[in-house]
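Colleague:
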Amino acid sequence: MLAFAAKRLAQSIVVVFIMSALVFVGVYAIGNPVDILINPQADQAEIAAATRALGLDQPLWRQYWNFISGAFAGDLGKSFAANIPAVRLIFERMPATLELALAAMVIAVLLGIPLGLWAGLKPDTVSGRAIMAGSILGFSLPTFWVGLMLIMVFSVWLGWLPPTGRGATVMVLGLPVSFLTWDGLAHLFMPALNLALFKLSLLIRLTRAGTREALAQDYVRFARAKGLSMERVVRVHVLKNIMIPIVTVTGLEFGSVIAFAIVTETIFAWPGMGKLLIDSINVLDRPVIVAYLLIIVLIFVLINLLVDLAYTALDPRVRLAGRST
Amino acid sequence: MIAAQAPLREFTAGFARDRIAVAAFATLCLILLAAIGAPLVSPQDPYDLAQLDILDSKFAPGAKAGAGFTFWLGSDDQGRDMVSAILYGLRISLGVGALSTVIALALGMAVGLISAYAGGWLDNLIMRLVDLQLSFPSILIALVLLAVVGQGVDKIVIALIFVQWAYYARTVRGAALAEKRREYVDAARVMAFSARRIVFRHILPNVLPPLIVVATVQVAHAIALEATLSFLGLGMPITSPSLGLLISNGFAHLLSGRYWISFFPGVALLITIVAINLVGDRLRDVLNPRIAHHYGA
Amino acid sequence: MATRHFSWRLGALAVQLFLVAAASAAELRIGLSADVTTMDPHFIAAQPNLTAQQHVFDSLVRTDERSRPVPGIATWRTPDPLTWEFTLRKGVKFHDGAELTTEDVVFSLERPLAITGSPGGFQTYVRPIVAKEVVDRYTVRLRTATPHGALLQDLADVLIVSKRAATGATGEDFDRGRAAVGTGPYKLARFARGDRIEFTRHEDYWGGRLPWDRVTLLVLPSDPVRTAALLSGQVDAIEHVPTADIARLRKSPAFRLEQTVSWRTIFLHVDQSRDRPPGVLSKAGKPLAESPLKDPRVRRAMSKAINRQAIADRVMEGLALPAANVVSPSVFGHDPAVKPEPYDPDGAKKLLAEAGYGEGFSVTIATPNNRYINDEQVAQTVAQMLARVGISAKVDAMPLSVYFGKARNKDFGIALLGWGTRAADLALRSVAATANPDKGYGAWNWGGYSNPKLDDLIAQSLGTVDPARREAIARSASALAAADVAFIPLHYQVVTWAMRNGLTYTARTDEFTFAHYFKPQ
Chain A
1 MLAFAAKRLA QSIVVVFIMS ALVFVGVYAI GNPVDILINP QADQAEIAAA
51 TRALGLDQPL WRQYWNFISG AFAGDLGKSF AANIPAVRLI FERMPATLEL
101 ALAAMVIAVL LGIPLGLWAG LKPDTVSGRA IMAGSILGFS LPTFWVGLML
151 IMVFSVWLGW LPPTGRGATV MVLGLPVSFL TWDGLAHLFM PALNLALFKL
201 SLLIRLTRAG TREALAQDYV RFARAKGLSM ERVVRVHVLK NIMIPIVTVT
251 GLEFGSVIAF AIVTETIFAW PGMGKLLIDS INVLDRPVIV AYLLIIVLIF
301 VLINLLVDLA YTALDPRVRL AGRST
Chain B
1 MIAAQAPLRE FTAGFARDRI AVAAFATLCL ILLAAIGAPL VSPQDPYDLA
51 QLDILDSKFA PGAKAGAGFT FWLGSDDQGR DMVSAILYGL RISLGVGALS
101 TVIALALGMA VGLISAYAGG WLDNLIMRLV DLQLSFPSIL IALVLLAVVG
151 QGVDKIVIAL IFVQWAYYAR TVRGAALAEK RREYVDAARV MAFSARRIVF
201 RHILPNVLPP LIVVATVQVA HAIALEATLS FLGLGMPITS PSLGLLISNG
251 FAHLLSGRYW ISFFPGVALL ITIVAINLVG DRLRDVLNPR IAHHYGA
Chain C
1 MATRHFSWRL GALAVQLFLV AAASAAELRI GLSADVTTMD PHFIAAQPNL
51 TAQQHVFDSL VRTDERSRPV PGIATWRTPD PLTWEFTLRK GVKFHDGAEL
101 TTEDVVFSLE RPLAITGSPG GFQTYVRPIV AKEVVDRYTV RLRTATPHGA
151 LLQDLADVLI VSKRAATGAT GEDFDRGRAA VGTGPYKLAR FARGDRIEFT
201 RHEDYWGGRL PWDRVTLLVL PSDPVRTAAL LSGQVDAIEH VPTADIARLR
251 KSPAFRLEQT VSWRTIFLHV DQSRDRPPGV LSKAGKPLAE SPLKDPRVRR
301 AMSKAINRQA IADRVMEGLA LPAANVVSPS VFGHDPAVKP EPYDPDGAKK
351 LLAEAGYGEG FSVTIATPNN RYINDEQVAQ TVAQMLARVG ISAKVDAMPL
401 SVYFGKARNK DFGIALLGWG TRAADLALRS VAATANPDKG YGAWNWGGYS
451 NPKLDDLIAQ SLGTVDPARR EAIARSASAL AAADVAFIPL HYQVVTWAMR
501 NGLTYTARTD EFTFAHYFKP Q
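Chains as they are written, first to last, in our numbering: chain A, 1 to 325; chain B, 1 to 297; chain C, 1 to 521.
1) For the beta strand (DSSP E) containing Y205 of chain C, list its first residue and its last residue.
2) Please report the straight-line C-alpha distance between M171 of chain A and T181 of chain A, rounded to a whole angstrom.
3) Checking 7 Å against the spacing of the C-beta atoms, do F57 of chain C and G184 of chain C come in under that value?
4) Along chain A, in chain order, which residues have C-beta atoms closer than 9 Å to that of G247 of chain B?
5) Ignore the nearest five residues each way along the sequence and tell me which others in E198 of chain C's own chain have a CB closer than 6 Å to its CB.
6) What residues from the region 62 to 89 of chain A come within 7 Å of chain C, judged by C-beta to C-beta, listed N to C?
7) According to DSSP, what are the bridge partners of W84 of chain C?
8) Please classify Y517 of chain C: does DSSP put it in a helix, a strand, or coil?
9) If you draw a straight line from the C-alpha of V25 of chain A to the C-alpha of P59 of chain A, how long is it?
10) Kindly say whether A189 of chain C, judged by its beta-carbon, lies nearer than 7 Å to any beta-carbon of chain A.
11) Just the Cα atoms here: how many angstroms apart are L305 of chain A and G251 of chain A?
12) So, do the region 265 to 274 of chain A and the region 88 to 99 of chain A have three or more beta carbon pairs nearer to each other than 8 Å?
13) Between which two residues does the alpha helix (DSSP H) carrying H42 of chain C extend?
14) Does the region 296 to 304 of chain A come close enough to the region 12 to 19 of chain A to have 3 or more Cβ pairs within less than 8 Å?
15) Within the same chain, show all residues whose beta-carbon is closer than 7 Å to that of P191 of chain A, passing over the 5 residues directly before and after it, in chain order.
16) Using a cut-off of 8 Å between C-beta atoms, extract the partners of V381 of chain C located in chain B.
17) At a CB distance below 9 Å, what residues from the region 3 to 15 of chain A approach chain B? Give them in sequence order.
18) Taking V363 of chain C as the reference, give the member of C:K339, C:I391, C:T381 with the closest Cα.
19) Looking at the strands, I want to know which residues DSSP matches up with E471 of chain C.
20) Can you name, in chain order, every residue of its own chain whose Cβ lies under 7 Å from the Cβ of V23 of chain A, other than the five neighbours on each side?
21) Are the region 278 to 294 of chain C and the region 458 to 469 of chain C touching, with three or more C-beta to C-beta distances below 8 Å?
22) Distance check for I488 of chain C and Q309 of chain C, CA to CA, integer angstroms please.
23) Assign T260 of chain C to buried or exposed, taking buried as 16 or more other Cβ atoms, counted over all protein chains shown, within 10 Å of its Cβ.
24) Measure the beta-carbon distance from G116 of chain A to R208 of chain A and round it to whole angstroms, keeping in mind my assumption that it falls under 8 Å.
25) Mind checking the region 11 to 44 of chain A against chain C and listing, in chain order, the residues whose C-beta falls within less than 8 Å of any C-beta there?
26) Quick check on this structure: which residue in C:A474, C:G440, C:R66 has the alpha carbon closest to the alpha carbon of R127 of chain C?
27) When you measure from the CB of V23 of chain A to every non-hydrogen atom of the ligand MG, does any distance come out below 6 Å?
28) Quick one: measure Cβ to Cβ for R91 of chain B and A35 of chain B, integer angstroms, because I've assumed they're closer than 8 Å.
29) Return helix, strand or coil for Q54 of chain C, following the three-state DSSP convention.
30) At 4 residues or longer, and completely inside the region 210 to 259 of chain A: list those alpha helix (DSSP H) runs for me, N to C.
31) Which residues in chain B have a C-beta closer than 9 Å to the C-beta of V263 of chain A? List them in chain order.
32) Roughly how many angstroms separate the alpha carbons of A187 of chain B and I126 of chain B, rounded to a whole number?
33) Distance check for H491 of chain C and A312 of chain C, CA to CA, integer angstroms please.
34) Quick one: Cα of F69 of chain B to Cα of D76 of chain B, how far?
35) Select from C:T37, C:P467, C:I306 the residue whose C-alpha is nearest the C-alpha of G176 of chain C.
36) Within 10 Å of its beta-carbon, does A433 of chain C have 16 or more other beta-carbons around it, so buried, or fewer, so exposed?
What follows is the structure, encoded as C-alpha cells:
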C-alpha cells in the first residue's frame, strides 16, 4: 500500500514537471503581459524597463530555470497584476471554489443517487422515464446557458435570489465559508445548482445502470426469490453494487468540477480561483496561471489516489497494482 | 453476408421499439439535412459581411429585411437573418462536433489499444499522459492554441480533439483490458497469433461497438463544449458564428427583450444535443447494456 | 380612542425608526465592470484600480467631470516654465488623523520610481520631475528639466499616500488596509479581490460631509449580470451600462441614467509605412505592387465609406458620437472645427478610382473582442461598409491578451484601437507621432504614420506651460492629424451610469465611478 502510494507520488511529480514546462511555454507563446498591463502613456524605454523588471526579456529557458529554481525554494513567483505571491493569491480564492464544488457535489449526490435508484427500480414507469428524460436534458444543456436562464428567472423575473457574487462569510477553522449564513446560502444556491447539473445527470444514469445490472444478477434474483423485501435487497445488494462506480465518478469528477467551475464562476461572478484563472489568462499573468494549473494537477493526483484507496476499501478483490487510472 | 444481416435487422427492430428514439432519429436526420442544405434554403449568406446591412440589425421576428425577404426569426446585431445564421451555425456546430470526435476517437483508440496491449512502462507512461491531459482545463488549451495558431474553425477542432482523445484512450484501454482477460484472447495467444492480429481481429471488434455509442454522445458534448468555449470568447471567429457564439452574442440582448438573438439558436442547440443523446442512449441499450460500466467512469 | 391613539403612536414610532434606519444605514452599493487587482496606488496604472483607490486617496491635482485639472488638496502656480509650486490646503486629514504635509507629497511622488516588478507603473508621470524642493509644511516646488505642460494631467493619476503608513509597505499591506491610509473620502474596510471592496466614511474628510456611511464596490465584469444585479436590487448603481440594456433601463421608471461623452476615441490604425501590410491584397487574393493604404486618398475614401451615424445608432445604440478628432469634445486640445467625415459612398468610390483602385482591393481589420464597447461588432460593421464601396474586408477578432502583442509586433494592416486621455497632445504623442524610442514618441503608432510637422507641433504643445497657448497648439496638431488621415476616427464612446431612482451621479468624461459623486435626490 505504502509502496503504491509512493510510486504514484513519484509519477505525479513527473507529471507536474511536464505540466509546468508545457504551460510555461504555452503562456509565453501567447504574448508579453507588459503589452497589456503597461500604462498606455508609457514610452518605449519604460515598456522595455518593465519587461526587464519582470525578467521577460531573458531567453525562455532561463526564465523557466528561474521559475524552477524558485519553485524548489517554495516560491512560484509573484502575480504580475496583483503584486502578491501567486500561490497566496490562489489560496485566497480557493475556499470559495472548494465550497462551490462541494456544494455542487452534495446536490448531485443527494439528488442523483435516489433519483437514479428510482429510475433503475422502476424503469418503465412514467416517473422513471421522466427522470431519464430529465437527465438527458441535464446532459444536453450547456452550463453557461443554464446559468443565464437561472439568473433571468430567479433573480430578474422572480427576484428570489441574488444574481451574483458570494454572500456573507463566517470564519470556520480559519477559512471563510458562506454556507452557514442565510445570505451566503442564497448566493450559493444558483451557482452550485448550475455546476451540479451535469454531474447530477451523470450520477442518475450511473446509478440507474448499476441498479438495473444488480437486479439482473443471479444472487439478487435469488435473494428476492428467497423472499427478501425489496427494501432489503436494495440496501444490501444493489447499493453495494453501485457504490464502486459512484465513488469513482464522484471522486474523479470532483477534480473536473473544480476545473469547470471556471464557467460557473464567470457567469455568477463567484470569487473563486476559476474566475481568477480567466482574469489571469486575460492579462497573461503567467505566475498565477502556472501556479493554478500546478495546484489543479496536485488536487487531481490526490483525488486519484484517494479514489484508488477507496476502491480497495470497498472491494478487497481489486488489486491496486493492476489499476493505474 | 447473410449472417451479418440478421443482427442488423435485429438491431433495427430493437431500436425501433422505442418510439421516442425513432422520433429523435428522425429529428436528427432533419437537422442534418437542414445543415447540409443550408446554402440552398437560407435567404442570406450570414458569413458574407457584404450581404449584411447594419440598418437591418436587431429586427424582431417577422420583420421585413431591406433586401426584401422576411426575418422569420428576427435578425441579430449585425443584420444577420437568424434563420440563415442558425442553419449555417448548425453546419459549423455539427461539423466541428463530428469531425473532432471522429479524429479524437481514432487517436484515442490507437493510444488506448497500444497502452492496454503493451502494458508495463509504456502503459504507465501513456496513462500518466492521459492523467496529465485530463487535468488541463479545456479553455486553457483553447486559449494557448488560439494564441499560437490564431482563431478559426480548424483550430477549435484541434482544441476539441485535444480535449477528447485522452478520454477515449482511457475508455478503450479499460475495455480492452477487460477483453484481454477473456478466454478467447487467451486462446488466440496460445495459438501464437501476432499481436496485431489479436488486436484487430479479436479485441477491436469487441471494443468498437460500445465506443461508437460513447462517441455518438460525445458529439453532443463536443458541440456543447464548443458553444461554451465560444461563450467564453475563445472559440469561433465572430464572422462565422456557430450556435454557441450566436447564443453568446444574444446573451447581451436578453435582458433588453431581444430574446430571439439568443433564444432560437439556444433552442436549435438544445434540440440537436437532445436528439443526439436520445439516439445514443437507445443505441447503447440495444447494442450493449454493459456499456454503462465504461461510460463516464 | 385609546386604540387610535396607540396606533398613531405606533405609526410615529415606525416613521421614527424608519428615519433612524435610513440615516444610519446609508449604504451605497455600486457594480463595477472590471476587477481591482491591488489597493497599492503606485503599482499598476489601470483604471479599475484607480477607481477603487481614489475612494481612499486624493491626488495632488484633481480633475473635474470634464477631466480638466482643478484644485483639490492643493493649488498651484508656475513662477517660471520649469517650476511648479503647489500649496497644500491646510487641515487635510489622513484617515489616521495626521495632517497632510509636503513630506507625504514628496514621498508619494518618489514612491512610483521605487516600485519594482510592476508591468505598468506610474514612473512615466513622475519622471519629468527632476527636483522636489520643500519650501515649508504646505508648499513644495517641483522642477522639470524642460518645460512640461502636461504635468498637471500626469499628476492627476498619482495618488498621495501617508508617508508614515506607506514607508516600507508591500502590496499586501495596502490590500489589508494597514498602508491604505489616505486623505480621500472613504476608509478601506475590506478588500476582497475579485469580489468586492468595502469602505466606511472618512469623518474628517476635507471635502465636507458625505451622504454614505458605507460604500461597497462589487466586481461584476459580465455585462448582462451587471444589469441583472441592478434590476434585482443587489446594487444601487452600475457603471458601463451595456449598450443592449440602455433602452430598457431608460423606459423603466425605477431607474435613472446619467450619461456623458467619454474621453475614449475609437479609431482604426491604418498601415502607411510598408509596401505589403498584412492582409492587404488584391481582390483575387494576390499581393499588390504597392500598398493602397499609403495613398491618403484611399484612406480618405475608406473614411467616407464609413457611416458613423449608423454605427453610433445601431451598433452602439446611441452610446457613441461620430468622431473626427483624436480626442472627444470635452477633452483638452479637441479642435471643434474638424468635422466628422460625412458618409459618402459615391465620393469614396470616386476617390478610389482616382487613386487607381477602382476595382477595389481586400483588407483584414483586426480587432480585440473584449476591450472596448462592442469592439468586434464595430469592426464587422466597418467591414460591411467597406464592402459597399468595393473594398472587401475580413474581420480578425481576438482577445486582448493576444491582440496588443501582435499589434506591437506589426502583424496587422488595419487595427482597431481605443484611446482615452486627458489631452490631445498626449494622445498624439503615443498614437500618431513618428516612432522614436529616444524621445519616447509613437509607442502606439501601429500604422507607422509619420509627419515631421506633426512631431514638431506635439513637442511644442507638450513644452508649453501656459494652458491657453498649449491648447491652441494641441488643436492645430489634432487638425493636422485629421487632415492627413493619420488614422481613421470612428466614434467617441458615450459613458453611462444607471442607478435606482432617488440617486444622482455627476457623469464624468474620464469614466471614473466614484461613490462620492453619487448623491441622494
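Every residue, glycine too, gets a C-beta built ideally from N, C-alpha and C.
None of these values were measured; they are calculated from a predicted model.
Modeller: Quick look at the numbers:
1) Y205 of chain C -> no beta strand (DSSP E), and no H or E assigned at all.
2) 11 Å
3) yes
4) A small fix is needed here, since residue 247 of chain B is Ile in this sequence, not Gly. What I247 of chain B touches in chain A: P142, F144, W145, L148.
5) A189, R190, T216
6) Against chain C - using a Cβ distance shorter than 7 Å - the residues of the region 62 to 89 of chain A are K78, F80, A81, A82, N83, I84.
7) C:L142
8) helix
9) 11 Å
10) It does not: the Cβ of A189 of chain C has no partner Cβ on chain A nearer than 7 Å.
11) Take the alpha-carbon of L305 of chain A and the one of G251 of chain A: they are about 10 Å apart.
12) The region 265 to 274 of chain A, when compared against the region 88 to 99 of chain A, does touch it at the 8 Å Cβ threshold.
13) Segment: none, H42 of chain C is in no alpha helix (DSSP H) and carries neither H nor E.
14) yes
15) L100, T264, F268, W270
16) In the sequence as presented, Val is not what sits at residue 381 of chain C; that position holds Thr. Those are I54, Q78, listed as they occur along chain B.
17) Q11, S12, V14, V15
18) C:I391
19) E471 of chain C is not bridged to any residue.
20) I289, V290, L293
21) Verdict: no, contact absent.
22) 15 Å
23) buried
24) 4 Å
25) So the list reads I30, G31, N32, P33, V34, D35, I36, L37, I38, N39, P40, Q41, A42, D43, Q44, given in the order they occur along the chain.
26) C:G440
27) For the structure depicted, the ligand MG is absent and the ligand set is empty, with no information on it obtainable.
28) By a beta-carbon distance limit of 8 Å, R91 of chain B contacts A35 of chain B. Their separation comes to about 4 Å.
29) In this structure, Q54 of chain C counts as helix in the three-state DSSP scheme.
30) The region 210 to 259 of chain A contains these whole alpha helix (DSSP H) runs: 218 to 225, 230 to 233.
31) I139, T228, F231, L232
32) 27 Å
33) 7 Å
34) 15 Å
35) First, the residue type needs correcting, since residue 176 of chain C is Arg and not Gly in the sequence shown. Minimum Cα distance to R176 of chain C is reached at C:T37.
36) So A433 of chain C ends up on the buried side.
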